[in-house]
Structures are given as C-alpha cells and as structure tokens.
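Written out as structure tokens, the structure is:
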C-alpha cells in the first residue's frame, strides 16, 4: 500500500492493449520490449510489467470487467477511444488465437513507473509484442 | 556523476564541459538493451529530458559572475541560494561543475518519475554513476 503525505490530487488513467507472442510472464515481456543485459533501468520496466500484469484482463473479459454495454471487442475499443487501425490489429491478433489483454494504468499507481507510463503515449508494434498506450486521460 | 535534489530542484554534479551527445554515447554502452527497442528508446528519452536544458552553473559563473563572486561556491551560495552545508557536502573539485536540471522545459513527466519515489531516483543515479563522467 502506498501512503501519500503530500496533497491529494485527482488521478487519471491510461488505457492499454498488450499482447506478446510468447507466454505471458515477466521474462518474456522484458525480452520483447528490448531488455537484454543487466542494467539498473531494468527495474523501471519490471515495475511497468507489474503494473500491466496487475491491471490487465483478457480483452473479451474487459467488456464485463468495465461494465461496458458493448457487445463486441470492436465496439468496446471504439468506445474506449482506440483508432480503427488499432482495432483491426487487435481483431487480427484474436483471429490468430493470440491472447490480447486490456487494462488501465493509473497516475497514482503504486510505483513511479506506472505513474510515468500512464502519462506517456507509446506504441510498440513488433512481431513479438503489441503494446499500445496511446489513449490516455492526458 | 550524481543527481541530487535541494528543495524542489534537481541538480547533477559532473565534470566540467559536460556535453549531452557525449553522455548519450556513454549511455549506449551501459544500457544492456536491444538497439532501437522500446526500452532503449524510452530510457534514452528519460535521460535526454533530464539533461537537455541543464544549466551549467560553473560555466555561467565563469562567463558572467567571476568578478562579482570570489569563487564558485560563493556563487552557488549567494546567487543560486544553495545552502552552505549542501555545497560543502558536494566536495566539488575545480574540474567539476553543478548542472541545474530544468526538466520542466521539456517534460513534466520525467519530474514525476523523479519525485514519485526514491527508488526511481536511485535507479537513475545507479545508471549515471556507472557512466561516471
């Protein structure tokens, strides 16, 4: 549990979509985003993985998780603000039987990495990983 | 090379003549990340945002204030309003300078990373201490 001793502020969140080719685990995620050797900065990306792992759910389950009235992944992602190009990529990955996750990062999350990446816009579109954090509250 | 905070501001103690391109080249050798990857790009962006608009305080002292203040430490105390104990703790040698990191000029988010918790600052310092400029 994180305790804040400064001002309480409004928090915001960023939606993300993530899918990796290999089994979902930290080692595979870190390799997919480019971590190869030992570096202190690996800790930042380990925290990012933890935040994503903690906040994700399988995208079809997200319809229920987020109390959406949408009846399809397409309409859910449209409502969430994702572009048509993103929706087509997600549909393609689902058709290829890849597990696709959806979730949200919070600006007052439990780690600095979560807060930082929540406020950044990013897109990783490679063979091993699709990681879209372009839609945000900022 | 080390980043430290005094009040709400961040500074970095490093060698005189610090140049961002040289730092970035050294960073490449220490990151342990795949070239062009998301992790490498993001990491480099963080360090670029930290140092891009840094003020070299010793350079500024030498260029504009050397006649007005007896020495660089006096300049830091009287002009830049750093406390004497903080200045003494730096143990500056004549070939070292202090950079004032002005991250707000390019990214408010990197300050979030630095302010959020000490572990993030520690990680960033571990990287730059390895580079040791």
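Residue numbers (this note's numbering), protein chains in the order written: chain A, 145 to 282; chain B, 24 to 156. Glycine residues also receive a C-beta, built at the ideal position from the N, C-alpha and C atoms.
Evaluate residue 155 (chain A) with the Cβ neighbour count: other Cβ atoms within 10 Å of its Cβ, from every protein chain shown; 16 or more gives buried, anything less gives exposed.
With fewer than 16 other Cβ atoms inside 10 Å of its own Cβ, residue 155 (chain A) counts as exposed.
The stretch 38-56 of chain B in contact with the stretch 134-144 of chain B per 3-pair CB rule at 8 Å:
Cβ pair count under 8 Å is below three, so no.
Contact list for residue 126 (chain B) against chain A, beta-carbon separation under 8 Å
The premise fails here: residue 126 (chain B) is roughly 12 Å from chain A at the closest Cβ pair, so nothing lies under 8 Å.
Nearest to residue 84 (chain B) by CA position, among B:60, B:50, B:96, is which residue?
Checked all of B:60, B:50, B:96; the closest Cα to residue 84 (chain B) is B:96.
Can you pull the chain B residues whose beta carbon is under 9 Å from the beta carbon of residue 161 (chain A), in chain order?
Those within 9 Å of residue 161 (chain A) in chain B number zero; the least Cβ separation is about 14 Å.
To the nearest angstrom, report how far apart residue 27 (chain B) and residue 133 (chain B) are at their CA atoms.
15 Å
Does any residue of chain A have a CB that is nearer than 9 Å to the CB of residue 48 (chain B)?
For residue 48 (chain B), the nearest beta carbon of chain A is not closer than 9 Å to its own beta carbon.
At the level of alpha carbons, what is the spacing between residue 124 (chain A) and residue 91 (chain B)?
Outside the modelled stretch of chain A, which goes from 145 to 282, sits residue 124 (chain A), for which no answer is possible.
Look up residue 56 (chain B) in the DSSP assignment and say whether it is helix, strand or coil.
strand
Counting Cβ pairs, one atom from each stretch, are 3 or more of them under 8 Å apart for the stretch 104-116 of chain B and the stretch 222-234 of chain A?
no
Residues of chain A with CB under 7 Å from residue 135 (chain B), in chain order?
Close to residue 135 (chain B), with beta-carbon spacing below 7 Å, are these residues of chain A in chain order: 259, 260, 263.
Anything in the stretch 178-205 of chain A with a Cβ closer than 8 Å to a Cβ of chain B? List those residues in chain order, please.
For the stretch 178-205 of chain A, the beta-carbon criterion of a distance under 8 Å to any beta-carbon of chain B is satisfied by 178, 179, 180, 181, 182, 183, 184, 185, 186, 187, 188, 189.
Does the stretch 251-258 of chain A touch the stretch 209-227 of chain A, meaning 3 or more C-beta pairs lie closer than 8 Å?
no
Out of B:110, B:93, B:34, which one is the CA nearest neighbour of residue 123 (chain B)?
B:34
Please confirm whether residue 52 (chain B) and residue 184 (chain A) have their CB atoms less than 9 Å apart.
no
Can you have a look at residue 191 (chain A) and say buried or exposed, based on whether 16 or more other CB atoms are within 10 angstroms of its CB?
buried
Taking 8 Å as the threshold, find out whether the stretch 213-222 of chain A comes into contact with the stretch 265-277 of chain A through three or more Cβ pairs.
no
Among A:164, A:216, A:172, which has the Cα closest to the Cα of residue 273 (chain A)?
A:164
If residue 217 (chain A) and residue 162 (chain A) are in contact, beta carbons under 8 Å, what's the gap, nearest whole angstrom?
No, residue 217 (chain A) and residue 162 (chain A) are not in contact; Cβ-Cβ is about 14 Å, not under 8 Å.
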